[in-house]
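I have placed the structure first, in the form of structure tokens, so that the comments after it can refer back to it.
Chains as they are written, first to last, in my numbering: chain A, 1 to 108; chain B, 1 to 166.
Next comes the structure, spelled out in structure tokens:
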């Protein structure tokens, strides 16, 4: 986990992530969870209000955390319906590792 | 509200992440040495963003040849970047929204506003972009890019780094 590597070298970090549970497993020091699709940690294009909400949560984490393992989840609903957002964050083509897994399973 | 870490993930990826054990690496802790309102803050994205007019993209071809490898290099992105300069090379996410507004992954505009409001001391003039799909042991990052980046951050008087995995 990059945050841990950087923090171990003396720079305080805060991680805004869609998978806060994983970030904590990797010992990120200050974790801000967002229930957003991948590739959109700060929101949707032009949505400055949502971006500022997440940014302020990151600042709160920086100010409030007293030890590694701090977590703060952002109370914000994704503005796109789940049935759309669940699909549209994926790349147009399967990534190399996914393509290989699909091939191994006989699906690629 | 508790964030559902797996809301947007296929079941197979959820299973993989849920079964990932807690790292045996010791936790690290670097406290802020001054109030946040006095801190210089830099941003880091793992969305594979780069400057089309002056930088190479990340090495997708090599990742296709070796699917367990990811380009460990990083790019520097200035605060004054224009949207038309933004390129993206990341094989694991859709680029459409960040190519419309890079702030969805690198929140420069939001932190400029927080600087103006005095929430942070200063937004750093330079930010960092890497491509988030990396080999599991992060060998290059631990031994090369990580120390190099930290040396730059210290040289540039950055007090805090915000990481936004894509």
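For every residue, glycine included, the Cβ atom is placed at its ideal position computed from N, Cα and C.
For the alpha helix (DSSP H) holding residue 59 of chain A, just list the boundary residues, first then last.
The count along the first chain starts at 1 and reaches residue 59 of chain A at position 59. 48 to 64 is the span of the alpha helix (DSSP H), which, as asked, contains residue 59 of chain A.
Roughly how many angstroms lie between the CA atoms of residue 77 of chain A and residue 21 of chain A, to the nearest whole one?
Start at 1 with the first residue of the first chain, and residue 77 of chain A comes out as number 77. Start at 1 with the first residue of the first chain, and residue 21 of chain A comes out as number 21. One C-alpha to the other measures close to 19 Å.
With respect to the beta strand (DSSP E) encompassing residue 44 of chain B, which residues constitute its N-terminal and C-terminal limits?
The sequence position of residue 44 of chain B within the second chain is 44, counting from 1. Note, residue 44 of chain B: beta strand (DSSP E), 40 to 45.
If we ignore side chains and look at the alpha-carbon of each, how far apart do residue 108 of chain A and residue 100 of chain A end up?
By one-based count along the first chain, residue 108 of chain A stands at place 108. By one-based count along the first chain, residue 100 of chain A stands at place 100. Low confidence applies to residue 108 of chain A: its pLDDT is 48, below 50, so where it sits in the model is not reliable enough to give any reading.
Under 8 Å, with one C-beta from each stretch per pair, do the stretch 31 to 41 of chain A and the stretch 88 to 108 of chain B reach the 3-pair mark?
yes
Given residue 136 of chain B as reference, the closest of B/67, B/115 and B/112 once Cα atoms are compared
Here the question's residue 136 of chain B lines up with position 136 in the second chain. Of B/67, B/115 and B/112, the residue nearest in Cα terms is B/67.
Based on the DSSP secondary-structure assignment, which residues constitute the bridge partners of residue 75 of chain B?
In the second chain, counting from the first residue as 1, residue 75 of chain B sits at position 75. Residue 75 of chain B pairs with B/129.
Less than 6 Å separating the Cβ of residue 71 of chain A from some heavy atom of the ligand ZN?
Although the ligand ZN was asked about, the structure shown includes no ligands whatsoever.
When you check each C-beta in the stretch 104 to 129 of chain B against every C-beta of chain A, which residues fall closer than 9 Å?
104, 105, 106, 107, 109, 110, 111, 113, 114, 119 and 120
Which residues, in chain order, does the stretch 69 to 84 of chain A contribute to contact with chain B at a C-beta distance below 7 Å?
69, 73 and 75
Short CB-CB distance (under 7 Å) between residue 100 of chain B and chain A:
Locating residue 100 of chain B in the second chain gives position 100, counting from the first residue. So, interface residue.
Run through DSSP, which three-state label would residue 120 of chain B get?
By 1-based counting over the second chain, the position of residue 120 of chain B is 120. Coil.
Please confirm whether residue 28 of chain A and residue 3 of chain A have their CB atoms less than 7 Å apart.
Your numbering for residue 28 of chain A matches position 28 in the first chain. Your numbering for residue 3 of chain A matches position 3 in the first chain. Against a cut-off of 7 Å, the Cβ pair of residue 3 of chain A and residue 28 of chain A comes out as a contact.
Contained alpha helix (DSSP H) runs [length at least 4] in the stretch 75 to 102 of chain B, N- to C-terminal order:
96 to 100
Amino acids of chain B, ordered along the chain, whose beta-carbon sits closer than 7 Å to that of residue 103 of chain A
As a working note, residue 103 of chain A is residue 103 in the first chain. The premise fails here: residue 103 of chain A is roughly 10 Å from chain B at the closest Cβ pair, so nothing lies under 7 Å.
Could you work out which residue in A/32, A/5, A/9 and A/12 is closest to residue 18 of chain A when comparing CA atoms only?
What you label residue 18 of chain A is simply residue 18 of the first chain in a count that begins at 1. For the residues A/32, A/5, A/9 and A/12, the minimum Cα distance to residue 18 of chain A belongs to A/32.
From residue 46 of chain A to residue 101 of chain B, what distance separates their C-alpha atoms?
If you number the first chain from 1, residue 46 of chain A lands on position 46. If you number the second chain from 1, residue 101 of chain B lands on position 101. Looking at the two C-alpha atoms, the distance is approximately 7 Å.
Is residue 38 of chain B near residue 118 of chain B, with beta carbons less than 7 Å apart?
The count along the second chain starts at 1 and reaches residue 38 of chain B at position 38. The count along the second chain starts at 1 and reaches residue 118 of chain B at position 118. No, they are not a contact pair.
Comparing alpha-carbon positions, which option in A/10, A/16 and A/5 lies nearest residue 23 of chain B?
If you number the second chain from 1, residue 23 of chain B lands on position 23. It is A/5.
Answer yes or no: do residue 11 of chain A and residue 153 of chain B have a C-beta to C-beta separation smaller than 7 Å?
Numbered from its first residue, the first chain carries residue 11 of chain A at position 11. Numbered from its first residue, the second chain carries residue 153 of chain B at position 153. Yes; because the gap between Cβ atoms is below 7 Å, this pair is in contact.
In terms of DSSP beta bridges, what is residue 86 of chain A paired with?
Counted from its first residue, the first chain places residue 86 of chain A at position 86. DSSP lists no partner for residue 86 of chain A.
Assign residue 97 of chain B to one of two classes, buried (16 or more other C-beta atoms within 10 Å of its C-beta) or exposed (fewer than that).
For the purposes of this step, residue 97 of chain B is taken as the residue at position 97 of the second chain. Buried, by the Cβ-count rule.
Helix, strand or coil: which one does DSSP assign to residue 17 of chain B?
The sequence position of residue 17 of chain B within the second chain is 17, counting from 1. DSSP places residue 17 of chain B in helix when its eight states are reduced to three.
Just checking my contact of residue 72 of chain B with residue 140 of chain B at CB under 8 Å: how many whole Å lie between their CB atoms?
Counting from 1 along the second chain, the entry for residue 72 of chain B is found at position 72. Counting from 1 along the second chain, the entry for residue 140 of chain B is found at position 140. Indeed they touch by this definition, with Cβ atoms about 4 Å apart.
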